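>
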Amino acid sequence: MAKIFLQFLTKLLTVLDQILCEESAEKSNIIGVRMNRVYHVRKQMVCMTSAVLQAKVAFMKLRLFSSRLSKLIN
(Lines of atoms letter the chains of each structure in order from A and count residues from 1; the text may use other names and numbers.)
(Lines give C-alpha, C1' and ligand atoms only; values in the text may rest on other atoms or scores of the structure.)
Protein backbone atom coordinates (compact mmCIF):
# COMPACT_ATOMS: atom_id res chain seq x y z
CA MET A 1 0.00 0.00 0.00
CA ALA A 2 2.78 2.43 0.90
CA LYS A 3 4.65 1.67 -2.33
CA ILE A 4 1.54 2.38 -4.40
CA PHE A 5 1.10 5.69 -2.57
CA LEU A 6 4.76 6.53 -3.18
CA GLN A 7 4.37 5.81 -6.91
CA PHE A 8 1.32 8.07 -7.02
CA LEU A 9 3.20 10.77 -5.12
CA THR A 10 6.14 10.54 -7.53
CA LYS A 11 3.84 10.96 -10.55
CA LEU A 12 2.10 13.87 -8.85
CA LEU A 13 5.44 15.57 -8.15
CA THR A 14 6.46 15.17 -11.79
CA VAL A 15 3.25 16.79 -13.01
CA LEU A 16 3.51 19.61 -10.46
CA ASP A 17 7.11 20.23 -11.46
CA GLN A 18 6.09 20.56 -15.11
CA ILE A 19 3.23 22.92 -14.28
CA LEU A 20 5.40 25.13 -12.07
CA CYS A 21 8.14 25.26 -14.68
CA GLU A 22 5.67 26.28 -17.37
CA GLU A 23 4.23 28.97 -15.08
CA SER A 24 7.72 30.22 -14.26
CA ALA A 25 8.64 30.25 -17.92
CA GLU A 26 5.61 32.35 -18.77
CA LYS A 27 6.45 34.84 -16.04
CA SER A 28 10.07 35.03 -17.16
CA ASN A 29 9.31 35.11 -20.89
CA ILE A 30 11.17 31.85 -21.44
CA ILE A 31 9.76 29.56 -24.09
CA GLY A 32 10.24 25.83 -24.51
CA VAL A 33 11.04 24.71 -21.00
CA ARG A 34 12.15 21.11 -20.58
CA MET A 35 12.59 19.10 -17.42
CA ASN A 36 16.39 19.25 -17.66
CA ARG A 37 16.25 23.06 -17.72
CA VAL A 38 14.31 23.46 -14.48
CA TYR A 39 17.30 24.80 -12.55
CA HIS A 40 18.05 27.49 -15.15
CA VAL A 41 14.42 28.57 -15.24
CA ARG A 42 14.25 28.86 -11.47
CA LYS A 43 17.35 31.06 -11.42
CA GLN A 44 15.83 33.39 -14.04
CA MET A 45 12.42 33.87 -12.44
CA VAL A 46 11.74 37.53 -11.92
CA CYS A 47 8.11 38.44 -11.39
CA MET A 48 6.22 35.54 -9.89
CA THR A 49 2.84 35.91 -8.27
CA SER A 50 2.40 34.97 -4.64
CA ALA A 51 0.20 32.05 -5.69
CA VAL A 52 3.07 30.55 -7.66
CA LEU A 53 5.43 31.08 -4.72
CA GLN A 54 2.97 29.37 -2.38
CA ALA A 55 2.66 26.49 -4.83
CA LYS A 56 6.45 26.14 -4.94
CA VAL A 57 6.65 26.00 -1.14
CA ALA A 58 3.92 23.36 -1.02
CA PHE A 59 5.69 21.44 -3.79
CA MET A 60 8.98 21.44 -1.89
CA LYS A 61 7.23 20.25 1.29
CA LEU A 62 5.57 17.47 -0.70
CA ARG A 63 8.91 16.46 -2.20
CA LEU A 64 10.47 16.34 1.28
CA PHE A 65 7.59 14.19 2.53
CA SER A 66 8.02 11.90 -0.47
CA SER A 67 11.73 11.40 0.16
CA ARG A 68 11.14 10.67 3.86
CA LEU A 69 8.42 8.17 2.98
CA SER A 70 10.72 6.53 0.46
CA LYS A 71 13.45 6.14 3.10
CA LEU A 72 10.97 4.56 5.51
CA ILE A 73 9.76 2.07 2.91
CA ASN A 74 13.22 1.10 1.73
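Residue numbering for the sequence shown follows the numbering used here, starting at 980 and increasing by one per position.
For each residue, glycine too, the CB sits at the ideal point set by N, CA and C.
Predicted model, so just to flag it, every value in this text is computed and none were measured.
Less than 8 Å separating the beta-carbons of residue 1042 and residue 985?
Along the sequence shown, one-based indexing puts residue 1042 at 63. Along the sequence shown, one-based indexing puts residue 985 at 6. Not in contact: residue 1042 and residue 985 (Cβ atoms no closer than 8 Å).
> Is the distance from the Cβ of residue 988 to the Cβ of residue 1038 below 8 Å?
Reading the sequence shown from its first residue, position 9 is the one you call residue 988. Reading the sequence shown from its first residue, position 59 is the one you call residue 1038. Result no, Cβ atoms of residue 988 and residue 1038 do not sit closer than 8 Å.
> In whole angstroms, what separates the C-alpha of residue 1053 from that of residue 1045?
Counting from 1 along the sequence shown, the entry for residue 1053 is found at position 74. Counting from 1 along the sequence shown, the entry for residue 1045 is found at position 66. Looking at the two C-alpha atoms, the distance is approximately 12 Å.
> Between 1050, 982, 983 and 997, which has its C-alpha nearest residue 1034's C-alpha?
Counted from its first residue, the sequence shown places residue 1034 at position 55. Of the candidates 1050, 982, 983 and 997, the one whose C-alpha sits nearest the C-alpha of residue 1034 is 997.
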